[in-house]
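Peer 1: Provided herewith is a single structure, encoded as structure tokens, for subsequent inquiry.
Numbering (this note's numbering), first residue to last: 25 to 118.
Shown next, in the form of structure tokens:
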């Protein structure tokens, strides 16, 4: 039996693990570099009461609102599920 807490799941995907996962599915070369380029030098800021914070680096997670994010998330989760199949009692930290 497996329980997965998907709260803020997009925010918690380790990008290096995602690149490894994509390679395992045969995604490499220019396509992999194109996806990685969407995530290189990611920066974000937060607005509270109309005041915007200084930008900071974002090194983990998928882009919110990006059309590729659901696909990347499904590939990542599929890899985890496949690695768990048949391995009763073994857990994987996500």
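Idealized CB from N, CA, C, for every residue including glycine.
So which of 75, 59, 83, 73 has the shortest CA-CA distance to residue 37?
Peer 2: In the chain shown, residue 37 corresponds to position 13, counting from 1. The option with the nearest alpha carbon to residue 37 is 83.
Peer 1: Could you compute how far the alpha carbon of residue 53 sits from the alpha carbon of residue 59?
Peer 2: Taking the first residue of the chain shown as 1, we reach residue 53 at position 29. Taking the first residue of the chain shown as 1, we reach residue 59 at position 35. Straight-line Cα distance between these residues: approximately 10 Å.
Peer 1: Does residue 81 come out as helix, strand or coil in the three-state DSSP assignment?
Peer 2: Here residue 81 corresponds to residue number 57 of the chain shown, with the count starting at 1. Strand at residue 81.
Peer 1: Assuming the contact rule is C-beta atoms closer than 8 Å, residue 69 and residue 76 should be a hit. Round their C-beta distance to whole Å, please.
Peer 2: Working through the chain shown from its first residue, we reach residue 69 at position 45. Working through the chain shown from its first residue, we reach residue 76 at position 52. About 5 Å separates the two Cβ atoms, so the contact holds.
Peer 1: Which residues in the same chain have their Cβ closer than 8 Å to the Cβ of residue 80, if we skip the five residues on either side of it in sequence?
Peer 2: Translated into the one-based positions of the chain shown, residue 80 becomes position 56. Here the set comprises 67, 68, 69.
Peer 1: Just how far apart, CA to CA, sit residue 65 and residue 108?
Peer 2: Here residue 65 refers to the residue found at position 41 when the chain shown is read from its first residue. Here residue 108 refers to the residue found at position 84 when the chain shown is read from its first residue. Cα to Cα, residue 65 sits roughly 33 Å from residue 108.
Peer 1: Could you tell me whether the Cβ atoms of residue 74 and residue 34 are closer together than 7 Å?
Peer 2: On the chain shown, residue 74 is found 50 positions in, with the first residue counted as 1. On the chain shown, residue 34 is found 10 positions in, with the first residue counted as 1. Against a cut-off of 7 Å, the Cβ pair of residue 34 and residue 74 comes out as no contact.
Peer 1: Classify residue 72 as helix, strand or coil using the three-state DSSP reduction.
Peer 2: Your numbering for residue 72 matches position 48 in the chain shown. In the structure shown, residue 72 sits in a strand (DSSP, three-state: E or B).
Peer 1: Mapping DSSP to helix, strand and coil, what is residue 87?
Peer 2: Within the chain shown, the letter at position 63 stands for residue 87. Of the three classes helix, strand and coil, the one that applies to residue 87 here is coil, per DSSP.
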